[in-house]
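If you want our numbering, it's the 1-based position in the sequence shown plus 1.
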Amino acid sequence: MDHEEDPGLDFIEGFSMLAGAIWIIGALLIGAMAMLGHGRL
């Protein structure tokens, strides 16, 4: 079992993917809230 990969690189890759997912979910939530708010007001 010879692992030459840097564990830090794997961590950064996973973190960037997680950050991207959070950003997309946050944008969708804000967009949905804005649409609902405009529809009710």
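The beta carbon of each residue, even a glycine, is placed where N, CA and C say it ideally should be.
For residue j and residue i, the rounded distance between their alpha carbons
i, j, result
"W24", "E5", "31 Å"
"P8", "M34", "39 Å"
"H39", "D11", "42 Å"
"G15", "G21", "10 Å"
"M36", "G27", "14 Å"
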